[in-house]
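Student: Note that this note's numbering has the sequence shown beginning at 52, numbered continuously upward.
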Amino acid sequence: MALYALGDPHLCLGADKPMDVFGGRWEGYMEKLRAGFSVLTPDDTLVLLGDLSWALDMEQAAPDFAFLAGLPGRKLIVKGNHDYWWTTKRKFERFCGDHGFENLELIHNSCALYGEFALCGTRGWFYEEDRQGTHDEKIFRRELGRLEASLKAAGEREKLCFLHYPPKYRGYECPEILQLLHEYGVKRCYYGHLHADSIRLAIQGESDGIDFRLVSADYVNFTPQKVLD
Numbered sequence: 052m053a054l055y056a057l058g059d060p061h062l063c064l065g066a067d068k069p070m071d072v073f074g075g076r077w078e079g080y081m082e083k084l085r086a087g088f089s090v091l092t093p094d095d096t097l098v099l100l101g102d103l104s105w106a107l108d109m110e111q112a113a114p115d116f117a118f119l120a121g122l123p124g125r126k127l128i129v130k131g132n133h134d135y136w137w138t139t140k141r142k143f144e145r146f147c148g149d150h151g152f153e154n155l156e157l158i159h160n161s162c163a164l165y166g167e168f169a170l171c172g173t174r175g176w177f178y179e180e181d182r183q184g185t186h187d188e189k190i191f192r193r194e195l196g197r198l199e200a201s202l203k204a205a206g207e208r209e210k211l212c213f214l215h216y217p218p219k220y221r222g223y224e225c226p227e228i229l230q231l232l233h234e235y236g237v238k239r240c241y242y243g244h245l246h247a248d249s250i251r252l253a254i255q256g257e258s259d260g261i262d263f264r265l266v267s268a269d270y271v272n273f274t275p276q277k278v279l280d
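1. Does the Cβ of G236 have 16 or more other Cβ atoms within 10 Å, making it buried, or fewer, making it exposed?
2. Return the first residue and the last residue of the beta strand (DSSP E) that A163 is part of.
3. According to the neighbour-count rule (16 or more other Cβ atoms, all chains shown, within 10 Å of its Cβ), is K219 buried or exposed?
4. Would you identify the three-state DSSP class for I261, choosing helix, strand or coil?
5. Report the three-state DSSP secondary structure of L119 (helix, strand or coil).
6. Between Y55 and chain D, is any beta-carbon pair separated by less than 8 angstroms?
7. Can you look up Q183 in the DSSP assignment and give me helix, strand or coil?
8. Quick check on R174: does DSSP put it in helix, strand or coil?
9. Okay, do the stretch 261 to 269 and the stretch 236 to 252 touch, 3+ Cβ pairs below 8 angstroms being the bar?
10. If you compare alpha carbons, which of L54, G75 and G79 is closest to C63?
11. From this set, F116, C162 and W136, which residue's C-alpha is nearest F281's C-alpha?
12. Am I right that A120 and L155 are in contact with their C-beta atoms under 8 angstroms? What's the rounded C-beta distance?
13. Taking Cβ to Cβ, would you say L103 is nearer than 8 angstroms to G131?
14. Rounding to the nearest angstrom, what Cα-Cα distance links Y149 and K140 in this structure?
15. Buried or exposed, going by whether 16 or more other CB atoms sit within 10 Å of the CB of T280?
In structure tokens:
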């Protein structure tokens, strides 16, 4: 039994928007993902850190969900900025039940348990986008609330945090999210979103008492990264 994490698979089995057009590491990425997912066994848990599918709604995302459901083990999904298919947790659960996707779950205003650990997370947000007039304060505050709800749901368990947006990277940090991580005693935080040239900005390792790890698919060669045995 092991816990894995992977961000940004950008599946496109239901939407014609393959990432191969970006070239480089993304060429043949669906085949790379299939090979990478081979590390999973039926007893494993995989946390997917957003940008799961290019689909615009759940019906269009169904082939991507079917692909994931066909992989061994439990899948926990955090929202990304490109997950336009995302809906309420109740609607997602009903959709998965109707289609037989029994091993897919959302982390949304909630946490999931893995042994003695609590798996917490949300999409997060880039607070400094406000400088360009594109940041929505209401969305940002909502994300803070969702993260705190997830952390509170964990109770006294040791918390692992999974975010789509990095709460900090070289030259940037989101103090409100970092404050929550410290307040609730988070010692390990995994994130995605950074690709291509942005990868060089990633913070890897311990920073101010928290161990940060980038797990975006193209950075980790499309292979889920082991978090816990």
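The beta carbon of each residue, even a glycine, is placed where N, CA and C say it ideally should be.
Tutor: Let me lay it out:
1. Flag for G236 reads exposed.
2. A163 to Y165
3. buried
4. strand
5. Reduced to three states, the DSSP call for L119 is helix.
6. Considering every chain present, this structure includes no chain D. It has just one protein chain.
7. Because Q183 sits at a pLDDT of 49, beneath the cut-off of 50, its placement in the model cannot be relied upon, and the following sentence gives the value as read from the coordinates. Q183 falls in the helix class under three-state DSSP.
8. Coil, per DSSP.
9. Contact holds between the stretch 261 to 269 and the stretch 236 to 252, because three or more Cβ pairs, one in each stretch, are under 8 angstroms apart.
10. Of the candidates L54, G75 and G79, the one whose C-alpha sits nearest the C-alpha of C63 is G79.
11. Examination of residue 281 is not possible in this model, given that the chain is present from 52 through 280 alone.
12. 6 angstroms
13. yes
14. Checking the displayed sequence, the identity of residue 149 turns out to be Asp instead of Tyr. For D149 and K140, the distance between alpha carbons rounds to 14 angstroms.
15. Thr is not the amino acid found at residue 280; the sequence shown has Asp there. Exposed, since its Cβ has fewer than 16 Cβ neighbours within 10 Å.
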